[in-house]
Amino acid sequence: MNGGLLSALADLVLPRTCAGCGLPGRILCRRCAALLAMPRPATPRRFPWGFPPTAAAGAYSGPVRPAVNAFKEQGQTELARPLGTALALAVAAVVCAAPEVRGPVLLVPVPSSRAALRRRGRDHVRELTTCAMAELRAAGMPVEEARLLRRLGRARDSAGLSAAARRANLAGTFRRSAAPPPGALLVLVDDVVTSGATLTEAAAELSRGAGAGAPPVLAAVVAATPRRLLGGRSGGDLRVVPKRSENVPDDPSGRLSGPVSRD
Ligand SMILES: [Zn+2]
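In this text, residue positions in the sequence shown follow this note's numbering: the first is 3, and each later residue adds one.
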């Protein structure tokens with residue numbers, strides 16, 4: 003009997019525990035889920051030039067780390083739902099803080115490397131995207147998935163590389179497989195942002211050749227590596243993110259949690 007089947011059977015008889023904190027009960031307890039319900043701008047420590055305006059549903063720290071890893075690397079696919087909800091919240095936050103949107107909102111999953119897809123046997127970012135789309139549509143935001151990027155095979159796994167080495171490793175990694183529809187608002191979606199190198203490369207490739215009036219490429223992630231800011235401010239205001247701040251509504255804060263609030 004293989005390990006996967008054994009663990010599936012064990013799930014039927016053993017009580018579930020939270021993938022974040024280990025509390026018996028749900029796959030992600032309320033307290034841990036609440037850590038992923040506070041969209042904030044993702045601000046990598048060495049803000050890479052060209053890093054897209056990015057919202058994260060929570061900080062990649064504490065119980066969020068084991069929860070994301072259980073989903074990503076340990077095959078706990080049930081977490082797609084709560085983590086997809088978190089991603090939906092981040093998408094809603096970054097879209098609401100963006101300049102006025104006329105065209106469709108398209109979620110562009112960041113493709114994993116072929117080696118990672120083989121190792122995991124699944125595309126976890128697309129699983130998240132599917133769940134996030136369902137949440138956003140249920141909340142009245144019409145979004146579509148657009149798989150506009152493919153990944154060329156060259157880049158090594160970036161774990162353990164410095165920020166500069168990550169960028170060098172990723173240069174030329176992504177290829178646009180189709181031109182985005184004119185006027186579409188593109189939102190890159192991924193699980194976690196750490197150095198920002200992946201999102202920066204992906205956004206550069208997506209916006210290649212875009213006209214001057216094209217909306218900026220945005221990004222949304224489940225969690226972002228927290229940045230220790232002087233004075234301890236956590237940076238909860240998405241207005242600091244977009245480069246063209248004059249286009250951002252004066253008070254986006256009231257809208258950040260609106261569309262996908264569960265209350
Ligand atoms: Zn928990």
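The C-beta atom is built at its ideal place from N, Cα and C for all residues, glycine as well.
Set against 7 Å, the gap from the CB of Cys34 to the closest heavy atom of ligand 1 is smaller. In the displayed model, Val110 falls within a strand according to three-state DSSP. The beta carbon of Gly198 sits closer than 6 Å to the beta carbons of Pro46, Pro50 and Phe53 from its chain, once the five residues preceding and following it are set aside; these are given in chain order. A straight-line Cα-Cα distance of about 16 Å links Val66 and Pro26. The residue among Thr202, Val189 and Ala141 with its C-alpha nearest the C-alpha of Arg169 is Thr202. Ser209 and Gly123 have their C-alpha atoms roughly 30 Å apart. Within the same chain, Cβ atoms closer than 6 Å to the Cβ of Leu109 are found at Thr131, Val145, Glu147, Val189 and Val191, the five residues on either side in sequence being excluded. By the Cβ criterion, the segment 91-104 is not in contact with the segment 74-82, since fewer than three pairs of Cβ atoms, one from each stretch, lie closer than 8 Å.
Inclusion of Val224 and Ala205 in the CB contact set at 8 Å is not warranted, their separation being larger than that value. Under the DSSP assignment, Thr56 falls in the beta strand (DSSP E) whose first and last residues are Thr56 to Ala61.
Annotation: the continuous beta strand (DSSP E) that includes Phe176 extends over Phe176 to Arg178. Within the same chain, Cβ atoms closer than 6 Å to the Cβ of Gly185 are found at Arg104 and Gly105, the five residues on either side in sequence being excluded. The three-state reading of DSSP puts Leu187 in strand, counting E and B together.
Within the chosen limit of 7 Å, ligand 1 does not reach the beta carbon of Leu81 with any heavy atom.
For Leu151, the uninterrupted beta strand (DSSP E) run begins and ends at Leu151 to Arg153, by DSSP.
Pro41 and Ser63 have their alpha carbons spaced roughly 14 Å apart.
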